[in-house]
Structures are given as C-alpha cells and as structure tokens.
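J.: Protein chains in written order, with the numbering used here: chain A, 283 to 475; chain B, 283 to 475. No residue lacks a Cβ here, since even glycine has one placed at the ideal position from N, Cα and C. Quick one: the structure is below, and I'll ask about it shortly.
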DNA sequence: ACGAAACTAGGACAATTGTCCTAACTCTTT
DNA sequence: AAAGAGTTAGGACAATTGTCCTAGTTTCGT
C-alpha cells in the first residue's frame, strides 16, 4: 500500500498535468485515474468532487509558484536579473508553452468563462507573480505606483507572448518576443535610474 | 418552416455565442438546441458532427473579422487611427472581454490544448488581423520587416490585455492598458517618420 | 397541383460523465 | 496475532454526451 498521502499527491500531480494539457473540462476522473493507475471509483475516497481536485491543484500551483519565486530571489543577483528569470521561463518551458499555452493564463481564462467558484483562486496565482514583480521594480528604484503598473505590463506581455506562441508555435518568434521584453526592461530601468 | 438556410444560420450564431461564452468543450448539442429552440436530434440534418458546427463557427468568425477590418479601413482616416480602432475594440467589448476573454485568443488556446484538427483554422483569424495590422504599419511608413514585427507586437499586447482583463475584471486597468498601447503606437510612428 | 427536396420532432443508441457504495485488502498499533 | 484505520478494486447509478434513424410536415420548382 502507498505511504499515507502519497497517493493523494500523485492524484493531484496527475490532475495538475492533465488540467494544463487538456483543460479542466476535458479531463475526466477516468483520465486522471488511468494516469495514476487507480480505479475510477476509488477516487471518492480521496476527493469527493471534481471541484475538490481542482482546489488541490490550485493549492499545488500556488505553492510551486511561491517556491519558484523564492528561488529566483537568490538566483538573480539584481532585480533586473530576477525579472529576466521571470520572462525566461517562456523559453525554458517553450515546448509546453507552444503546445498548451501559459498554465496560469489558460486556467484562469477557462474558469472565468465557466464563472467557476475557483476562478478567484486561480487569479491568486497571477497576483503572486504581480506582487513579486512589483517588489523587483521597486527594488530597482522605481516609484511604488509606477512599479505596480510596470509589473502589470510585464505580466501582460508574458500572457500575450504565451497566447501567440500557443497559436503559431513559432519558436523563433517566441525568442524574439522575449528578447524584445528584455530590451524594454533595460530601457525602463535605465530611464528610472 | 424557416427560410432555407436560415435555421442553419441561427444554429451557427447560437453556437458562436456559446463557444465564446462557455468554451467549445463545455457547449453541448443540447445547449445549442435549447438556445435555438430546436429538438436535439434534429441537429443531424444540419450538422453531422460537432466538428462541423465548429467549422461553420470559424467560417462565421473569419467573415465577421474580414468585414470588421474592411469597415475600419474607411472609418479610420490615417493608419494610426485604424490601429487605434483595432485596440479600441477591447473597450467597446469590455463587458464580454472581462467575462470571457478575447474570442480569438481563447478559441485558439482551447483548440491548441486539444490538438484539435480545427486549431490551424482558428489561428487563421489571428493571421487576418496580423496581415491587416502589418499593412497599416507599412502604410504609416514603416519598413516591411519591421511592420510585421510591430503587427505581432500589437497583437501580443491585445492578447495580454484581454487575458488579464478576464482574470482581474478591472475596467480601470483595461482602459489604462489601452491608453498605454496608444502611447506606444504614437511613439513608434513618431520615430518611424 | 404535384412530386421532390428540405425540414422537423421525438426518440434510440452506446459510451461516458460525476458521484457513490460495498466488500476486500494492507498496513500499523497493540 | 488481533483489531482498527486507511486504502483499494470493482461496479452501480442516473444523467448527459455525440451520433444516428424514422416518420411525418412544410416549402418550392415546375
């Protein structure tokens, strides 16, 4: 038998991947069960409803995002380098981005369309990144209110880049977009100094 | 009985709205039938498969997009004004954008995730806008290769703005994003002249 | 006015959906 | 070794899915 909680974690991890790759609506209990190697009916023991799985997946994504943002804090020496790490994730995950889009944006959009109860929790992930970017811009010497606007601009660009990457699947264009982002960033920080 | 083709048009119009508001996967034959006021089984006469409806919806969106782009051509006096008309659609349709996102981007993303056969046709709608924007930038005196890059940038921004608008439902921010876009546009065209 | 074509309602069909139950199994604790 | 908690497989359940058929009704070209 599996260690306590381990099966639950595997279910959430499988659901996380499927929700990203197929969308929440297109991923059934049967899909997740098959991926984990469990019987479908057995799910009721771990999760009473599909919404409960979605909730757990969002929790997982929130904690993974926090972990990633914390890691970037000491991987990037300057605020500028840290923001570059943020946008570079589009390159690192380019294969998945071009196939499925941005995991944050696509989940948020899908739940918004359905007016799902979990939609605000999905938007929380956005807020996590926004606050982090805001802090980086402020650390780079940008005034608070302008820092928030720049954080939003950075997030907007990342979402636009990911959406077009998923539509056109053009890696050259994706890299060009990220380069352009970096150019914009340096220009902004230069004029802020 | 309805005029020839009229019922078919009503089906496509209803599917168009539902696909936008709920997503393709979440919209069933029953949903569309209820919206049109027809019996579910009767659909087979008009559309053999769900994919056929999707195809017709994409055709409708392509022709509506072409019509809109042609209208903007003589509504805007200068290329600059025409590009502004493009981004202003985010304001005009703000209620729907904040509720369901961009119809072009969200459809494209959903179909990309499912690796749907119709995904390239959905991307065609993007290409329509891209080509149109490209032509406007060239008409404004921008060099051809740079015009294409600017068209892509404009499209990317619009997608990013729409995604964040759907997530945060913040009209003030949406208007600010569009203003910022217009500022960027004027700056670009000023330096190109 | 007549025959062909187009359209419609109603339901059948197997497959799949989310949910839920029961009986058995496997650990851990004592 | 025995008990209890936790975990599992397998399937039941009603509802819904996309697809498809039949039997009528309405419209249109002639």
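Would you kindly work out how many angstroms separate the C-alpha atoms of residue 348/B and residue 334/A, rounded to a whole number?
T.: One-based indexing of the second chain puts residue 348/B at position 66. One-based indexing of the first chain puts residue 334/A at position 52. Approximately 43 Å between the Cα atoms of the pair.
J.: Leaving out the 5 sequence neighbours to the left and right, which residues in its chain are closer than 8 Å to residue 399/B when beta-carbon positions are compared?
T.: Working through the second chain from its first residue, we reach residue 399/B at position 117. Answer for residue 399/B: 333, listed in chain order.
J.: Any beta carbon of chain A sitting closer than 8 Å to that of residue 443/B?
T.: Your numbering for residue 443/B matches position 161 in the second chain. Interface residue, yes.
J.: Indicate whether at least one CB of chain A lies closer than 8 Å to the CB of residue 350/B.
T.: Stepping through the second chain from its first residue, residue 350/B is reached at position 68. No, because no Cβ of chain A sits closer than 8 Å to the Cβ of residue 350/B.
J.: Here's the rule I'm using: 16 or more other beta-carbon atoms within 10 Å means buried, otherwise exposed. How should residue 468/A be labelled?
T.: By one-based count along the first chain, residue 468/A stands at place 186. Answer is exposed; the Cβ neighbour count stays below 16.
J.: With distances taken between CB atoms, is the gap from residue 314/A to residue 403/A smaller than 8 Å?
T.: For the purposes of this step, residue 314/A is taken as residue 32 along the first chain, with counting starting at 1. For the purposes of this step, residue 403/A is taken as residue 121 along the first chain, with counting starting at 1. Result no, Cβ atoms of residue 314/A and residue 403/A do not sit closer than 8 Å.
J.: Look up residue 320/A in the DSSP assignment and say whether it is helix, strand or coil.
T.: In the first chain, the residue the question calls residue 320/A occupies position 38. Residue 320/A: coil per DSSP, three-state reduction.
J.: Counting only beta-carbon separations shorter than 8 Å, does residue 330/A have a partner in chain B?
T.: The count along the first chain starts at 1 and reaches residue 330/A at position 48. Chain B, which has no Cβ nearer than 8 Å to the Cβ of residue 330/A, makes this no.
J.: Measure from the C-beta of residue 310/B to each C-beta in chain A and report whether the shortest distance is under 8 Å.
T.: Looking up residue 310/B in the second chain gives position 28. It does not: the Cβ of residue 310/B has no partner Cβ on chain A nearer than 8 Å.
J.: To which residues of the same chain is residue 389/A closer than 6 Å at the C-beta, ignoring the five residues directly before and after it?
T.: Here residue 389/A refers to the residue found at position 107 of the first chain. Excluding sequence neighbours, residue 389/A sits near 404.
J.: Would residue 361/A and residue 421/A qualify as a contact pair, given that the criterion is a beta-carbon distance under 8 Å?
T.: For the purposes of this step, residue 361/A is taken as the residue at position 79 of the first chain. For the purposes of this step, residue 421/A is taken as the residue at position 139 of the first chain. Yes.
J.: Kindly list the residues whose CB is nearer than 6 Å to the CB of residue 342/B, restricted to its own chain and excluding five residues on each side of it in sequence; keep chain order.
T.: Reading the second chain from its first residue, position 60 is the one you call residue 342/B. If we look at residue 342/B and ignore the five residues flanking it on each side, its Cβ neighbours are 294, 298.
J.: Since residue 427/B meets chain A, which of its residues come closer than 8 Å, beta carbon to beta carbon?
T.: Walking along the second chain from the start, residue 427/B turns up at place 145. What residue 427/B touches in chain A: nothing, since even the nearest Cβ is about 12 Å away.
J.: Rounding to the nearest angstrom, what Cα-Cα distance links residue 311/B and residue 379/B in this structure?
T.: Along the second chain, read from residue 1 onward, the residue named residue 311/B stands at position 29. Along the second chain, read from residue 1 onward, the residue named residue 379/B stands at position 97. Distance between the alpha carbons of residue 311/B and residue 379/B is about 25 Å.
J.: Classify residue 475/A as helix, strand or coil using the three-state DSSP reduction.
T.: The sequence position of residue 475/A within the first chain is 193, counting from 1. Note: residue 475/A maps to coil in three-state DSSP.
J.: I'd like the span of the alpha helix (DSSP H) that includes residue 369/B, first residue to last.
T.: One-based indexing of the second chain puts residue 369/B at position 87. Looking at the DSSP string, the run of the alpha helix (DSSP H) that includes residue 369/B is 361 to 374.
J.: Any beta-carbon of chain B closer than 8 Å to the one on residue 283/A?
T.: As a working mapping, residue 283/A is identified with position 1 in the first chain. For residue 283/A, the predicted model reports a pLDDT of 43, less than 50, meaning its position is unreliable and no value from the coordinates is stated.
J.: Note down, in chain order, every chain A residue with its Cβ under 7 Å from the Cβ of residue 304/B.
T.: Within the second chain, residue 304/B is the residue found at index 22, counting from 1. By Cβ distance, chain A contributes 395, 396.
J.: Please list the partners that residue 405/A has in chain B, where partner means a Cβ-to-Cβ separation under 8 Å.
T.: Residue mapping note: residue 405/A aligns to position 123 of the first chain, counting from 1. In chain order: 449, 450.
J.: Give me the residue from 327/B, 363/B, 374/B with the minimum Cα distance to residue 415/B.
T.: Start at 1 with the first residue of the second chain, and residue 415/B comes out as number 133. When each option's Cα is compared against that of residue 415/B, the closest is 363/B.
J.: Using 8 Å as the threshold, is the stretch 449 to 464 of chain A in touch with the stretch 447 to 461 of chain B, meaning 3 or more CB pairs across them?
T.: Because the criterion of three Cβ pairs below 8 Å is not met, the stretch 449 to 464 of chain A and the stretch 447 to 461 of chain B do not touch.
J.: Using C-beta distances below 6 Å, list every residue in its chain close to residue 284/A, excluding the 5 sequence neighbours before and after it, in chain order.
T.: Taking the first chain and counting its residues from 1, the one referred to as residue 284/A is at position 2. Unreliable positioning characterises residue 284/A in this predicted model, as indicated by a pLDDT of 48, which lies under 50. The coordinate reading is nonetheless provided below. Excluding positions up to five away in sequence, the list is empty.
J.: DSSP on residue 397/B, reduced to helix/strand/coil?
T.: One-based indexing of the second chain puts residue 397/B at position 115. The answer is coil: DSSP assigns residue 397/B none of H, G, I, E or B.
J.: List the residues of chain B whose Cβ lies closer than 9 Å to the Cβ of residue 465/A, in chain order.
T.: For the purposes of this step, residue 465/A is identified with residue 183 of the first chain, where counting begins at 1. Correct list: empty, because the minimum Cβ distance to chain B is about 12 Å.
J.: Any idea what DSSP makes of residue 308/A, helix, strand or coil?
T.: Mapped onto the first chain, residue 308/A falls at position 26. In this structure, residue 308/A counts as coil in the three-state DSSP scheme.
J.: Enumerate in chain order the residues of its own chain whose CB-to-CB distance from residue 471/A is below 7 Å, with the five nearest sequence positions on each side excluded.
T.: Taking the first residue of the first chain as position 1, residue 471/A is located at position 189. Counting only Cβ-Cβ distances below 7 Å, and skipping sequence neighbours, we find 362, 422.
J.: Confirm, please, whether the CB-CB distance from residue 387/B to residue 441/B is below 8 Å.
T.: Stepping through the second chain from its first residue, residue 441/B is reached at position 159. Stepping through the second chain from its first residue, residue 387/B is reached at position 105. In this structure, residue 387/B lies closer than 8 Å to residue 441/B by Cβ.
J.: Using only CA atoms, which one of 305/B, 412/B, 296/B, 290/B lies nearest to residue 396/A?
T.: Numbered from its first residue, the first chain carries residue 396/A at position 114. If we check each option's Cα against that of residue 396/A, 305/B comes out closest.
J.: Just to confirm, are residue 463/B and residue 369/B a CB contact at a threshold of 8 Å?
T.: As a position in the second chain, residue 463/B is number 181, starting the count at 1. As a position in the second chain, residue 369/B is number 87, starting the count at 1. Yes; because the gap between Cβ atoms is below 8 Å, this pair is in contact.
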